[in-house]
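Enquirer:
As structure tokens, then:
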């Protein structure tokens, strides 16, 4: 490839730059721009193509500028005006000469930077064509085309795998072959979306070009690969050197406003096919067969998604689809457990006792706060106890054990599916292909000796510098986690203080006949308002921390894009874990557990009395909290992801239509779409992983969580598909081998879920106390019944308290008004007058022992099953391993044979040339 090597520098001595000191700015004398490579000469030339400027613009070497062409009227065209050169990327800027808001000097500086950048692009081998906007004459669209030589050069630099020969090994067999009549309905019609031809592939090398399957140069590099290569170049081209500091890359130019946008093109309109018969109209096919609501029951066309958007987008939708399929089984079992509890709620003995007028109606409960809280009758919680019977049943235990096994099956089978996709999509050796991020390369100012090669290599910081960065980043993350914990404590204090207010405003009478008081108790009102406030705080802190986490990760400076995303993922998830789950952990494991008893209550900060659970326990409140957070989060995300982009695009189309009735070209239509951003997919993963946590960590309190997640995910897949195909610009296709750091995060959640569900059943629900009563305390020697029964359970689990033993700060006036001598409270303690008055009784120690035994047994059983499943199901199937080895063998054999053919051919030519010379030498003595 012919490239200019003239060294041109754009340096402005007195320029005010807002982006000084950003990542990517580094002393030019110290920075080795890219790591060494066999083709590093090309990359070195990229460094030498920076336009210089010392003095007035007129004295500078001539900039190489794009060709300016008028729009030819072909609004669906994906080519330059000559109809031959394909548009691989589009840059958009506002003509500085027509700007009105900025100062003239600033406009001139921006223009010179842009001209330097575009000149360097042309020097680097790219071809540019500029066209003025049809709708807004201030906008200029610079179309970028990469010629064949440029594509080949950078395909080798980027280690891009390309076809060698057709591959007949990749045949997929369905596990439901006997039900093909049924699965055919769910499959995408192959006459509409044709299966992709499979090839043996190998990293591209220019000197072995004849080995590759090149039938047509125009189609050898597909549009996604072409866009990747051009973006790789755009990210590394320089445009300015100031104070011996080089500035480079399209991302910095866009963020500083020199360019308004940079993006690859969609291939057509989503609602109709392209008018160009040679265009495959893949965007239209994706919308019709994937994003359209009528395709909601069909399987996703993963191969076409991967081809159009790249492997990174493809693996996300493959994972989301697989997760949704596995949720079907969990949802069915969850609904069955819910129905079991619902059908048997009328047979719930302890709930009947709570509602019975002669049992619950005569039990007077102690006040749950100091002084102003009234005494209340147990039957006022009748409705809550009935609801609790639905969730706190034997089915809950069965479902918790099932989910512990289900999550292991999901993770193990997904690993196998992921390995299949790695093979089918040629990402098995992706880590060897991935290039360093340009921001990392820009900071490589330190020279170290590689311990293995004993050669010099450049790194961004020393070992000590890396330790300092890691320490600062960890401290920042820890600070924000502590901030979340502080907000949780604030919510707890709110609960404790507001409970007093609601107890005063919603004072209850002994008869409990008011319909509102049956449903809106002080505890319920406190729980609902605290959940809403907690949700609002979660969303506010999320918005702030997202920006902080990105800043921290940028400072940390990971080497590759995969490392960057994994680092950001761990930071964001740690924060989100505490943010979303802290309130649930508080309700499940802390609320009502350390309250003391009426005569000696426990106080927060010496002022606020600890919050108590209702007589039915905190399980129902945990269910309410999960419902509010899951439901609120789903609504909020849909507003953010769907409604806002749709409204923005609608407003944009309205303004466009009001200006002119002309048809705009493809690049202008795409410019008016929304930008998804490089971290857009990250937030999609985060949303699903948070949901995965709710489904697994607290499922013992809410068996319907998998069903809600299933419904949400079915819609989420199509909403994300609709959003990407209709509302957003086309993203730069990226490679991805797997789902990255999300896999170990899910494995960690799966391990923690066993513990949390066991503890919810043991400490949050009343299942263990009921079982202890049924098997030990309902019959002699502790009980009076002749057979095992649940009758008398409520009376046995409520302790007595003498109201005269209230301390002065807790004593109210209602006891003397109604001549109440004793009240009941939820605990296992000895009654007044007992030698060990208000101490824990024998029932308490039986229950504690049973709870601890249950946790140990349940954890060990489930962990044993999980370990066995993980051992029995290999991460990569035997068939996939054989395919990978077979393809690698055939690929090496093919390359070796081609190499031998070339060597044989070369030796033959040499032999032919040497033959006559040897003959002449043999004949020479005779002639003499």
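In our numbering, the protein residues as written are 3 to 930. Yeah, the Cβ is synthetic: ideal placement off N, Cα and C, and Gly gets one too.
1) Are residue 78 and residue 278 closer than 7 Å when you measure CB to CB?
2) Quick one: grab the DSSP three-state call for residue 284.
3) On the criterion of 16 or more Cβ atoms from any shown chain inside 10 Å, does residue 551 qualify as buried, or is it exposed?
4) Pop quiz: residue 532 and residue 700 are said to be a contact at Cβ under 8 Å. What is the actual Cβ separation, rounded to whole angstroms?
5) Could you tell me the alpha carbon to alpha carbon distance between residue 889 and residue 389, rounded to whole angstroms?
6) Give the DSSP-derived three-state secondary structure of residue 741 in the structure shown.
7) Classify residue 602 as helix, strand or coil using the three-state DSSP reduction.
8) So is residue 379 buried or exposed if we call it buried at 16+ other beta carbons inside 10 Å?
9) Under the three-state reduction of DSSP, which class applies to residue 916: helix, strand or coil?
10) Can you check which of these residues, 254, 315, 309 and 237, is closest to residue 738 by C-alpha distance?
11) Where residue 486 and residue 494 are concerned, what is the direct C-alpha to C-alpha distance, given to the nearest angstrom?
12) Let me make sure I understand the geometry here. Which of 459, 454 and 448 has the alpha-carbon closest to that of residue 466?
13) Residue 824 lies in the beta strand (DSSP E); which residues open and close that run?
14) Curious, which full-length alpha helix (DSSP H) runs of at least 4 residues does the segment 405 to 469 contain?
15) I need the straight-line Cα distance from residue 620 to residue 607, nearest angstrom please.
16) Note down the Cα distance separating residue 859 from residue 765, rounded to an integer number of angstroms.
17) Specify, as a first and last residue, the run of the beta strand (DSSP E) that residue 225 falls within.
18) When the Cα atoms are used, what is the spatial distance from residue 514 to residue 360?
19) Reducing DSSP to helix, strand and coil, say where residue 730 ends up.
20) How big is the Cα-Cα spacing for residue 563 and residue 439?
21) Please name the residue or residues paired with residue 367 in a DSSP beta bridge.
22) Can you give the Cα-Cα distance for residue 377 and residue 842, rounded to whole angstroms?
23) Just to confirm the assignment, what range does the beta strand (DSSP E) spanning residue 243 have?
24) Kindly provide the ranges of any alpha helix (DSSP H) runs that are 4 or more residues long and lie completely inside the segment 672 to 740, ordered along the chain.
25) Have a look at 226, 542, 806 and 797 and flag the residue whose alpha-carbon is nearest the alpha-carbon of residue 356.
26) Figure out for me which residue from 257, 256, 292 and 280 has the closest Cα to the Cα of residue 273.
27) Tell me which residues share the same chain as residue 582 and place their Cβ nearer than 7 Å to its Cβ, disregarding the 5 neighbours each side in the sequence.
28) Please report the straight-line C-alpha distance between residue 166 and residue 895, rounded to a whole angstrom.
29) Have a look at residue 498 and residue 612 and give me their C-alpha separation to the nearest angstrom.
30) Counting pairs of Cβ atoms below 8 Å between the segment 413 to 422 and the segment 864 to 884, do you hit three or more?
31) Under 8 Å Cβ to Cβ from residue 787, same chain only, skipping five residues before and after it: list those, please.
32) When burial is assigned at 16 or more other CB atoms within 10 Å of the CB, is residue 601 buried or exposed?
33) Quick check on the DSSP output: the beta strand (DSSP E) that includes residue 95 runs from which residue to which?
34) For the beta strand (DSSP E) that contains residue 132, what are its first and last residues?
35) Where does the unbroken alpha helix (DSSP H) through residue 593 begin, and where does it stop?
36) For the beta strand (DSSP E) holding residue 263, just list the boundary residues, first then last.
Expert: Working from what's here:
1) Along the chain shown, read from residue 1 onward, the residue named residue 78 stands at position 76. Along the chain shown, read from residue 1 onward, the residue named residue 278 stands at position 276. Cβ atoms of residue 78 and residue 278: closer than 7 Å.
2) Along the chain shown, read from residue 1 onward, the residue named residue 284 stands at position 282. Of the three classes helix, strand and coil, the one that applies to residue 284 here is helix, per DSSP.
3) Within the chain shown, the letter at position 549 stands for residue 551. Label assigned to residue 551: buried.
4) Reading the chain shown from its first residue, position 530 is the one you call residue 532. Reading the chain shown from its first residue, position 698 is the one you call residue 700. 17 Å between Cβ atoms; not a contact.
5) For the purposes of this step, residue 889 is taken as the residue at position 887 of the chain shown. For the purposes of this step, residue 389 is taken as the residue at position 387 of the chain shown. One C-alpha to the other measures close to 59 Å.
6) Start at 1 with the first residue of the chain shown, and residue 741 comes out as number 739. Coil.
7) Translated into positions along the chain shown, residue 602 becomes position 600. Residue 602: strand per DSSP, three-state reduction.
8) The residue labelled residue 379 in the question sits at position 377 within the chain shown. By the beta-carbon neighbour count (other beta carbons within 10 angstroms, threshold 16), residue 379 is buried.
9) One-based indexing of the chain shown puts residue 916 at position 914. Helix at residue 916.
10) By one-based count along the chain shown, residue 738 stands at place 736. Selected option, being the one with the closest Cα: 315.
11) Here residue 486 is taken as the residue at index 484 of the chain shown, counted from 1. Here residue 494 is taken as the residue at index 492 of the chain shown, counted from 1. About 13 Å.
12) Against the chain shown, residue 466 aligns to sequence position 464. Comparing Cα-Cα distances from residue 466 to each of 459, 454 and 448, the minimum goes to 448.
13) Indexing the chain shown from 1 puts residue 824 at position 822. Membership of residue 824 in the beta strand (DSSP E) is indicated by the continuous run 824 to 828.
14) With a minimum length of 4 residues, the continuous alpha helix (DSSP H) runs that stay inside the segment 405 to 469 are 432 to 435 and 440 to 444.
15) For the purposes of this step, residue 620 is taken as the residue at position 618 of the chain shown. For the purposes of this step, residue 607 is taken as the residue at position 605 of the chain shown. Using only the alpha carbons, I get a separation of about 23 Å.
16) Position 857 of the chain shown, counted from the first residue, corresponds to residue 859. Position 763 of the chain shown, counted from the first residue, corresponds to residue 765. Their Cα atoms are separated by approximately 15 Å.
17) What you label residue 225 is simply residue 223 of the chain shown in a count that begins at 1. Where residue 225 is concerned, there is no enclosing beta strand (DSSP E), although the alpha helix (DSSP H) it sits in stretches over 225 to 236.
18) On the chain shown, position 512 is the one that residue 514 refers to. On the chain shown, position 358 is the one that residue 360 refers to. Note that residue 514 scores a pLDDT of 48, beneath 50, so its modelled location is shaky; the value from the coordinates is reported in the next line. So the two alpha carbons sit approximately 14 Å from each other.
19) In the chain shown, residue 730 corresponds to position 728, counting from 1. In the three-state reduction of the DSSP assignment, residue 730 falls in the strand class.
20) Here residue 563 refers to the residue found at position 561 of the chain shown. Here residue 439 refers to the residue found at position 437 of the chain shown. In a straight line, the C-alpha of residue 563 is about 6 Å away from that of residue 439.
21) To locate residue 367, count along the chain shown from 1; it is residue 365. DSSP, once it has assigned bridges, lists 378 and 826 as partnering residue 367.
22) To locate residue 377, count along the chain shown from 1; it is residue 375. To locate residue 842, count along the chain shown from 1; it is residue 840. The alpha-carbon atoms of residue 377 and residue 842 are separated by roughly 23 Å.
23) Taking the chain shown and counting its residues from 1, the one referred to as residue 243 is at position 241. Per DSSP, residue 243 belongs to the beta strand (DSSP E) from 240 to 244.
24) For the segment 672 to 740, whole alpha helix (DSSP H) runs of length 4 or above, ordered along the chain, are 682 to 699 and 707 to 724.
25) The residue labelled residue 356 in the question sits at position 354 within the chain shown. Considering only alpha carbons, the answer is 797.
26) Along the chain shown, read from residue 1 onward, the residue named residue 273 stands at position 271. Nearest neighbour of residue 273 by Cα position, chosen from 257, 256, 292 and 280, turns out to be 292.
27) Looking up residue 582 in the chain shown gives position 580. Taken in chain order, the residues that qualify are 540, 631 and 692.
28) Translated into positions along the chain shown, residue 166 becomes position 164. Translated into positions along the chain shown, residue 895 becomes position 893. The alpha-carbon atoms of residue 166 and residue 895 are separated by roughly 12 Å.
29) What you label residue 498 is simply residue 496 of the chain shown in a count that begins at 1. What you label residue 612 is simply residue 610 of the chain shown in a count that begins at 1. Cα to Cα, residue 498 sits roughly 7 Å from residue 612.
30) Counting C-beta pairs closer than 8 Å gives three or more between the segment 413 to 422 and the segment 864 to 884, which meets the contact rule.
31) By 1-based counting over the chain shown, the position of residue 787 is 785. If we look at residue 787 and ignore the five residues flanking it on each side, its Cβ neighbours are 780, 781, 793 and 794.
32) The residue given as residue 601 occupies position 599 in the chain shown. That one is buried.
33) As a position in the chain shown, residue 95 is number 93, starting the count at 1. Counting along the chain, the beta strand (DSSP E) containing residue 95 begins and ends at 91 to 96.
34) The residue you call residue 132 lines up with position 130 of the chain shown. 129 to 134 is the extent of the beta strand (DSSP E) around residue 132.
35) Reading the chain shown from its first residue, position 591 is the one you call residue 593. Looking at the DSSP string, residue 593 is not in any alpha helix (DSSP H), and its letter there is neither H nor E.
36) To locate residue 263, count along the chain shown from 1; it is residue 261. Unbroken beta strand (DSSP E) run through residue 263: 263 to 265.
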